[in-house]
Amino acid sequence: MPAYVRPMRRKVMAEILDALPADDPEAVASRRDLRRINALMGNFRWMRRAMRALPGDRRGGLVEIGAGDGGFLEMVRGDFETVTGVDLAPRPATLDERIGWRQGDVSEGLGGGDVLAANLFLHHFEDGRLRELGAAAREFRAVCFSEPWRSRLALAEGYAMCPFVTRVTRHDMLVSIRAGFVRGELPDLLGLGAGWEVREEVSLLGAYRLLAWRAR
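Going from the sequence shown to this note's numbering is simple: count from 1 and add 107.
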């Protein structure tokens, strides 16, 4: 087996950015890094294409957990009747007023709907917490997630990027990769078993991607 695909044990550790005030200069700089990394990985573009390809009419409502600055919701607002962000952070000041926002725990009061989405967010949670979140996710008709691919290749790519990002991002990027996912892992943790169609893929730029929908 090539070294770059040998299994790595999943390890969830605290990320520096999560502990910084939103207006801290290091936090602002790290979020800028993350926007660039996200664009390089093509996560938003993949998620939008994947959701548009879902079978049937699933354009009623989108909920994004860990919505951050609302950038993805802004991109897809016209694709759904309603779009809502859920995050521990308050509503971004510049967010389009037509986008809903709920500040609070991501697993409380989601209520189900058409599509549940998350980008570079689920890797923050231990396995037990993901199983709890799965109960809420299964109330939706489809889920679409893009997360770090836990692999030696992705880790090598992360180290290669270290000279070009800030201190906080250097730390958090490598922590995120080690807490990421491999094929088969996240569907099992979320309980997407019988009755769900599951599609998984990984990209050479370090993304693990999951699209799943109710088969009936």
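All C-beta atoms, glycine included, are put in the ideal place defined by N, C-alpha and C.
Beta carbon of residue i nearer than 8 angstroms to that of residue j
{"i": "residue 256", "j": "residue 287", "result": "yes"}
{"i": "residue 167", "j": "residue 245", "result": "no"}
{"i": "residue 148", "j": "residue 314", "result": "yes"}
{"i": "residue 206", "j": "residue 180", "result": "yes"}
{"i": "residue 321", "j": "residue 308", "result": "no"}
{"i": "residue 118", "j": "residue 236", "result": "no"}
{"i": "residue 272", "j": "residue 140", "result": "yes"}
Residue i classed as buried or exposed, judged by whether at least 16 other C-beta atoms fall within 10 angstroms
{"i": "residue 248", "result": "buried"}
{"i": "residue 158", "result": "buried"}
{"i": "residue 266", "result": "exposed"}
{"i": "residue 311", "result": "exposed"}
{"i": "residue 162", "result": "exposed"}
{"i": "residue 222", "result": "buried"}
{"i": "residue 120", "result": "exposed"}
{"i": "residue 302", "result": "exposed"}
{"i": "residue 187", "result": "buried"}
{"i": "residue 75", "result": "The structure shown does not extend to residue 75, since the chain is modelled only from 108 through 323, so no value can be given for it."}
{"i": "residue 211", "result": "exposed"}
{"i": "residue 175", "result": "buried"}
Alpha carbon of residue i to alpha carbon of residue j, nearest angstrom
{"i": "residue 289", "j": "residue 151", "result": "20 angstroms"}
{"i": "residue 319", "j": "residue 250", "result": "5 angstroms"}
{"i": "residue 277", "j": "residue 194", "result": "24 angstroms"}
{"i": "residue 197", "j": "residue 142", "result": "19 angstroms"}
{"i": "residue 238", "j": "residue 173", "result": "17 angstroms"}
{"i": "residue 306", "j": "residue 164", "result": "18 angstroms"}
{"i": "residue 224", "j": "residue 270", "result": "31 angstroms"}
{"i": "residue 135", "j": "residue 292", "result": "32 angstroms"}
{"i": "residue 241", "j": "residue 209", "result": "19 angstroms"}
Same chain, Cβ closer than 6 angstroms to residue i, neighbours up to 5 away in sequence not counted
{"i": "residue 275", "result": "123, 124, 133, 137"}
{"i": "residue 183", "result": "155"}
{"i": "residue 199", "result": "176, 177"}
Limits of the unbroken beta strand (DSSP E) element including residue i
{"i": "residue 124", "result": "Here residue 124 belongs to no beta strand (DSSP E); instead the alpha helix (DSSP H) covers 123-126."}
{"i": "residue 239", "result": "From DSSP, residue 239 is part of no beta strand (DSSP E) but of the alpha helix (DSSP H) over 234-244."}
Endpoints, the alpha helix (DSSP H) within which residue i is located
{"i": "residue 253", "result": "From DSSP, residue 253 is part of no alpha helix (DSSP H) but of the beta strand (DSSP E) over 247-255."}
Near the ligand MG: residue i beta-carbon under 7 angstroms from a heavy atom
{"i": "residue 128", "result": "With respect to the ligand MG, the structure offers nothing, as it holds no ligand at all."}
Contacts around residue i, its chain only, beta-carbon distance under 7 angstroms, and the 5 residues preceding and following it disregarded
{"i": "residue 203", "result": "181, 184"}
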